[in-house]
Amino acid sequence: MIKKYGLNEFGFAALLALFMVTGMVLIVTFSVSAIILTRTQVSKNLIFSAQSYYSAESGAEDAVLRKLKNYDLPSGVLNLDGASINQSFSTVGSVTTIDSVSTYLNNVRKTRVRLTITADIVSFHYGVQIGEGGLEMSNNSTIDGNIYSNGKIQGDSGAKITGDAYVAGGNKIKNVTVGLSARANTIENSKICGDAYYQTIDASSLNFLNAPTKTFCSDPLTPGAAYPGSSDPDILPEPISASNIADWKADAVSGGTISGNYNVANNISLGPKEITGNLVMTSNNKTLSVAGTLYVRGNIDISNGSAVQCLASYGENSCVVLADGWIHVSNNGTFSGSGAAGSFLMMLTTLQCDGTSATSPDGKACGDHNGAVDIHNQATGVIFYASRGMINLHNGVDITEATAHKLRLDNLASVTYNQGLVNASFSSGPGAGWQIDNWNETE
Numbered sequence: 021m022i023k024k025y026g027l028n029e030f031g032f033a034a035l036l037a038l039f040m041v042t043g044m045v046l047i048v049t050f051s052v053s054a055i056i057l058t059r060t061q062v063s064k065n066l067i068f069s070a071q072s073y074y075s076a077e078s079g080a081e082d083a084v085l086r087k088l089k090n091y092d093l094p095s096g097v098l099n100l101d102g103a104s105i106n107q108s109f110s111t112v113g114s115v116t117t118i119d120s121v122s123t124y125l126n127n128v129r130k131t132r133v134r135l136t137i138t139a140d141i142v143s144f145h146y147g148v149q150i151g152e153g154g155l156e157m158s159n160n161s162t163i164d165g166n167i168y169s170n171g172k173i174q175g176d177s178g179a180k181i182t183g184d185a186y187v188a189g190g191n192k193i194k195n196v197t198v199g200l201s202a203r204a205n206t207i208e209n210s211k212i213c214g215d216a217y218y219q220t221i222d223a224s225s226l227n228f229l230n231a232p233t234k235t236f237c238s239d240p241l242t243p244g245a246a247y248p249g250s251s252d253p254d255i256l257p258e259p260i261s262a263s264n265i266a267d268w269k270a271d272a273v274s275g276g277t278i279s280g281n282y283n284v285a286n287n288i289s290l291g292p293k294e295i296t297g298n299l300v301m302t303s304n305n306k307t308l309s310v311a312g313t314l315y316v317r318g319n320i321d322i323s324n325g326s327a328v329q330c331l332a333s334y335g336e337n338s339c340v341v342l343a344d345g346w347i348h349v350s351n352n353g354t355f356s357g358s359g360a361a362g363s364f365l366m367m368l369t370t371l372q373c374d375g376t377s378a379t380s381p382d383g384k385a386c387g388d389h390n391g392a393v394d395i396h397n398q399a400t401g402v403i404f405y406a407s408r409g410m411i412n413l414h415n416g417v418d419i420t421e422a423t424a425h426k427l428r429l430d431n432l433a434s435v436t437y438n439q440g441l442v443n444a445s446f447s448s449g450p451g452a453g454w455q456i457d458n459w460n461e462t463e
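According to the numbering used here, the sequence shown is numbered sequentially starting from 21.
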């Protein structure tokens, strides 16, 4: 029997099929729309995230430029095309870390930059390093540390070197007590508490070497070994090269020039800078903070409680003040590094005045005692450097390190070596010597 369907039944089936097709079309449409909307939102988020990233990069670039140029650092939030940028700085020693965090429509990106200060490493292995001019030690003067001299060492009553003494160039050591070993071509009328290396030694020096006494040597007292026929120590080159000095001068000049004399009448931060005249610090109790290498074409006069120090931002690095003329320190002038361990101030002159003439070979006027550096008071925390001239220490003066063509110590004067000078790091200054060590995006 064949079943017959009415028109109503066929109409219902067609309507049902239509609904099903329409539903499927709507489902597909909604699915495609959702995918499109999702992808559109993802694309927008990628664009927003990229905008946030480039804003963070811009904030980092701004911060680095400010640090390199020693501009004021930003405070508060920076706004760039709708993005909010927070910049932060942290400095530990010679490393500064900059974080730039950008937020744009809830998309956060962070850039971190690490800056380090470029520096020249100069090794001062000896409390005193002397050129061919040699060392003159007056009554009861002391070198507390080791000494290397390319010229003779001559002492008066009570003159003492607590460490080792090296005398190069076929020269002698005379009338000095040496706490450890001595190496020289000739040893004369000296008390060596350690071993002796020589070509020639007189009877009194040899007798003391064989039987040292507590009056001059520390316990335990043991006879020193004699090494006759020993070769002379080699001539030792200067620890700072002409190239180093030229670079430091160029660094100073890059910061601009002050014409004529510069008088420090108030507490001030200065550098890098060239001064064409003299640097005068004779006003009472004024402080000069070295913010970058200073190059003085004339003389430097420091007195009346004036202070010279490295800016705190030098960290563990040391700063440099150079002069072409003489350096004079009196009446409680004081010196210091940045305050961090291993930081020192160096006062350097290129003046060629060795104590024998009132003028240098190139016609410049010499300082007191016809020398290049004259120091009347305590000056620890500072390195005095005059590789072409004489440094003179007055009665009772104590300094940290001296390198000179010639050094003269008056009665009771002393040099007390600081072990941190073995690898002193000299920077051109915050901003002048920064380099980018690392730049990347962080979480």
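Note that CB positions come from ideal geometry on N, CA and C, so glycine has one too. Bear in mind the structure is a predicted one, so any value in this text is a computation, not a measurement.
- V341 and G249 have their C-alpha atoms some 44 Å from each other.
- Nearest Cα to T370 within the set T307, S261 and G359: S261.
- The Cβ atoms of G190 and G171 do not sit closer than 8 Å to each other.
- A Cβ-Cβ contact shorter than 8 Å links R129 with E461.
- Ranked by how close their Cα comes to the Cα of N159, the residues I181, G165 and V148 have I181 in first place.
- Buried is the label assigned to A311, since at least 16 other Cβ atoms lie within 10 Å of its Cβ.
- Fewer than three beta-carbon pairs drawn from the segment 232-241 and the segment 268-282 are found closer than 8 Å, and the two stretches are therefore not classed as touching.
- The segment 240-276 contains, as complete alpha helix (DSSP H) runs of 4+ residues, the segments 262-274 (chain order).
- Residue environment: G102 is assigned as exposed (fewer than 16 neighbouring CB atoms within 10 Å of its CB, all protein chains considered).
- For the pair G153 and M366, the CB atoms are not nearer than the 8 Å cut-off.
- The three-state reading of DSSP puts A406 in strand, counting E and B together.
- Counting along the chain, A185 sits inside no alpha helix (DSSP H); it lies in the beta strand (DSSP E) bounded by residues A185 to V187.
- Every beta strand (DSSP E) of 3 residues or more that sits fully in the segment 298-333 is shown, in chain order, as 299-301, 307-310, 314-316, 320-322 and 327-330.
- Put simply, the backbone Cα of V187 is about 31 Å away from that of A361.
- F404 and F364 have their C-alpha atoms roughly 11 Å apart.
- With fewer than 16 other Cβ atoms inside 10 Å of its own Cβ, N227 counts as exposed.
- Collapsing the DSSP output to three states places E463 in coil.
- Only buried fits A399, as 16 or more other CB atoms lie within 10 angstroms of its CB.
- Bounds of the beta strand (DSSP E) holding A343 are C339 to A343.
- Only buried fits N205, as 16 or more other CB atoms lie within 10 angstroms of its CB.
- Considered as a whole, the segment 373-400 harbours 393-395 as its complete beta strand (DSSP E) runs of no fewer than 3 residues, in chain order.
- Between A343 and S110, the alpha-carbon positions lie close to 34 Å from each other.
- Look at K130 here: in three-state DSSP terms it is strand.
- Within the same chain, Cβ atoms closer than 7 Å to the Cβ of S108 are found at D119, the five residues on either side in sequence being excluded.
- For A223, the enclosing alpha helix (DSSP H) stretches over residues A223 to N230.
- If you look at G154, you'll find it in the beta strand (DSSP E) that goes V148 to M157.
- Closest in C-alpha terms to K192, from the list V328, T162, S210 and A179, comes S210.
- Looking at the DSSP output, Q107 sits in a beta bridge with S120.
- F364 carries a coil assignment under DSSP once its states are collapsed to helix, strand and coil.
- N458 and R132 have their C-alpha atoms some 8 Å from each other.
- In the DSSP assignment, H425 falls within the unbroken beta strand (DSSP E) covering D418 to L429.
- Around the CB of V97, fewer than 16 other CB atoms lie within 10 Å, so the residue is classed as exposed.
- Out of G199, G375 and N304, the CA that lies nearest to the CA of L427 is found in G375.
- Judged by DSSP secondary structure, K172 falls outside any beta strand (DSSP E); it is assigned neither H nor E.
- Under the DSSP assignment, E208 falls in the beta strand (DSSP E) whose first and last residues are T206 to E208.
- Sixteen is the threshold: when 16 or more other Cβ atoms of the shown chains lie within 10 Å of the Cβ of L314, as they do, the residue is buried.
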